[in-house]
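> One structure is given below, represented as structure tokens, and several questions about it will come after.
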Amino acid sequence: MNFGFSGEMIFLFFLALILFGPKKMPEIGRQVARFLGEFRRASNEFRSQIESEINSLDNNANTSSPRQQILPPLQAPLGSLANRIFNPPPPERLDAAEDAAAEAAAVKAAAAESVAIEAAAAPEPSPAPKVAPDA
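So the sequence shown is numbered by our numbering: it starts at 39 and just counts up by one.
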């Protein structure tokens, strides 16, 4: 985008002048300038921070010290497969879980059996009487 005084910039200036009036234009100009200054300052700070991080990484890579290693966490997250493998639950919890699973299976089987008995005991609906079609 070209920020010179082109036809678009002149058009935008006159549009702003019509919309806001000549009394508000200096205030709006100050606010825009303040915003652009803050934006430029933040972008320069961000750029310098990134450059300093890159330089520090380059300096660490050039030194003869060994590279830093990223180590795994001391404990696996709770509920993860690794946590269950390396820290199995105590036998009491396993027995309780097996009992709960067996009880749930028994309740499910009893419910299925009661549904089957109700279906067998229910009287069959009588068929609808046949009606001859009108001819």
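Note that the Cβ used here is the ideal one computed from N, Cα and C, for glycine as well.
(1) May I have the straight-line CA-CA distance separating ALA139 from PRO128, to the nearest angstrom?
(2) Who are the Cβ neighbours of LEU57 in its own chain at under 6 Å, not counting the five residues just before and after it?
(3) Which of the three DSSP states is assigned to GLY59 in this structure?
(4) For the alpha helix (DSSP H) that ILE123 lies in, which residues bound it at each end?
(5) CA-CA distance, LYS146 and PRO110?
(6) Since MET63 and ALA54 should fall inside the 8 Å C-beta cutoff, what is the C-beta to C-beta distance between them, to a whole number of angstroms?
(7) Which of the three DSSP states is assigned to LEU95 in this structure?
(8) Secondary structure at SER86, three-state DSSP: helix, strand or coil?
Looking at the atomic coordinates:
(1) Here residue 139 corresponds to residue number 101 of the sequence shown, with the count starting at 1. Here residue 128 corresponds to residue number 90 of the sequence shown, with the count starting at 1. For ALA139 and PRO128, the distance between alpha carbons rounds to 17 Å.
(2) Within the sequence shown, residue 57 is the residue found at index 19, counting from 1. No residues qualify anywhere along the chain.
(3) Translated into the one-based positions of the sequence shown, residue 59 becomes position 21. The answer is coil: DSSP assigns GLY59 none of H, G, I, E or B.
(4) Residue 123 sits at position 85 when you count from the first residue of the sequence shown. Start and end: 119–124.
(5) By one-based count along the sequence shown, residue 146 stands at place 108. By one-based count along the sequence shown, residue 110 stands at place 72. Those two C-alpha atoms are separated by around 43 Å.
(6) Locating residue 63 in the sequence shown gives position 25, where the first residue counts as 1. Locating residue 54 in the sequence shown gives position 16, where the first residue counts as 1. That pair is a contact at about 7 Å.
(7) Indexing the sequence shown from 1 puts residue 95 at position 57. Three-state DSSP puts LEU95 in a helix.
(8) Start at 1 with the first residue of the sequence shown, and residue 86 comes out as number 48. The answer is helix: DSSP assigns SER86 an H, G or I state.
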